[in-house]
Structures are given as C-alpha cells and as structure tokens.
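Q: The structure's right below; bear with me while I get my questions together.
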Ligand SMILES: [Zn+2]
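In this note's numbering, the protein residues as written are 107 to 227.
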C-alpha cells in the first residue's frame, strides 16, 4: 500500500509508521486517562493521560521534524500542515510521488517534475 508514495520511496516510511503508532498510542492513553476509570485515584488517572499527551507530542514531533526530503531537507509534513492548506495536504503526501519543492526523486534535470501537482510557496 502506498508503495509509490514519496514518503515510502524516500526512506521515511518507518518514521511515518513510528509517528502514527505514537499518535495512536498517545490518543488511547489520553482517552483512558480521562474517561475510563481504572484506578479510583485521580492522580493515577492524570498520570496516564499526561503520559498519553507526551507520547502524542512525541509522535507529532517525529512526524513534523523527522520526515524530510533527502535531497532538499524540506520537512514535508510540517510544511503541509503549516503552509500548504492543512490536513488534506498531509493525506495528499501519501499519493504524491515526488518532493513538492525540489522534485526528488525526479529532479535530475531542470524544471519541475512532470507529475508535480502541488508545490509550496
Ligand atoms: Zn525536496
């Protein structure tokens, strides 16, 4: 699945997977800490939720800072969320086959790559 995605082809696949796992695990822990009563102690519940928030932030950090273009070092997910129109663009990265900025891995020549549908500013 998504074999032709730039995220996979550039060697960022494992990092994306790690970030996703952290985000999901964090979200589950936040939910459990806030809404599912395991312990009668509020402090323990808070600790669970707080740990979940930490995992979630770590996952977001991994996605934002860790997923980069091997050629121009552009932070794809960070830029997609910040500049290119939000979450829809992040999903778009899954089907994008080249770097929106430099055209990696098709940037052997001058000019934009043929399949470059959207570019950053
Ligand atoms: Zn690039």
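Backbone N, C-alpha and C define an ideal beta-carbon position, used for all residues, glycine too.
Since this is a predicted model, take the numbers as computed values, not measurements.
Can you list the alpha helix (DSSP H) stretches of 4 or more residues lying completely in the stretch 107 to 163, in chain order?
A: Fully enclosed alpha helix (DSSP H) runs of 4 or longer: 112 to 115 and 119 to 141.
Q: Output yes or no for whether 7 angstroms exceeds the beta carbon distance between residue 158 and residue 128.
A: No. Outside cutoff.
Q: Is residue 201 buried or exposed, if buried means 16 or more other CB atoms sit within 10 Å of its CB?
A: Exposed is the call here.
Q: Since residue 174 sits in a beta bridge, which residues does DSSP pair it with?
A: Beta-bridge pairing links residue 174 to 181.
Q: Which same chain residues, not among the five before or five after residue 199, have their C-beta less than 8 angstroms away from its C-beta?
A: Closer than 8 angstroms at the Cβ level, and outside the excluded window around residue 199, lie 111, 112, 113, 182, 183 and 186.
Q: Does the count of Cβ pairs from the stretch 202 to 211 and the stretch 169 to 182 closer than 8 angstroms reach three?
A: A contact exists between the stretch 202 to 211 and the stretch 169 to 182.
Q: On the CB-based measure, 16 or more other CB atoms within 10 Å of its CB, does residue 122 come out buried or exposed?
A: Buried, because 16 or more other Cβ atoms sit within 10 Å of the Cβ of residue 122.
Q: From the DSSP output, in three-state form, read off residue 209 for me.
A: Note: residue 209 maps to coil in three-state DSSP.
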